[in-house]
Amino acid sequence: MDVEAFIERFEDAVEDLEPGSVTVETRFKELPEWDSLAVLTVIAMLESEYGACLNGRDLKAVEKVGELFERVRAACR
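Following this note's numbering, the numbering of the sequence shown begins with 2 at its first residue and continues without gaps.
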């Protein structure tokens, strides 16, 4: 699993995010685009792209995109 590809998929999933605007250090919950639709879309993307069944609690447990990547990577092992 590649973090750069993960970030690209994250950017695609969250509506109105500019490509290249997210890094592993981005606090995704502080993004103006982060709303309830973004939460559902990201959860769906994680399941379809990675087979990771994460939920809202899992998203609440992390702050940065890099932490989300690590949680998904651990769930896919």
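Just so it is clear, CB atoms sit at the ideal spot from N, CA and C, and this is done for glycine as well.
#1: Below 8 Å on the Cβ atoms is my guess for L55 versus V73; work out the distance and round it to an integer in Å.
#2: Taking 7 Å as the cut-off, decide whether the C-beta atoms of R10 and E48 are in contact.
#3: CA-CA distance, E12 and E34?
#4: Just reading off the alpha helix (DSSP H) that K61 is part of, what are its end residues?
#5: DSSP puts R28 in a beta bridge; with which residues?
#6: On the three-state DSSP scale, how would you describe A14?
#7: Nearest-angstrom Cα distance between D17 and A76?
Taking the definition as stated:
#1: Between V73 and L55 the Cβ distance is about 7 Å, and since that is below 8 Å, they are a contact.
#2: No, these two residues do not count as a Cβ contact at 7 Å.
#3: Approximately 10 Å between the Cα atoms of the pair.
#4: First-last of the alpha helix (DSSP H) with K61: G57 to K61.
#5: BP columns for R28 point to K65.
#6: Taken through DSSP and simplified to helix, strand or coil, A14 comes out as helix.
#7: One C-alpha to the other measures close to 27 Å.
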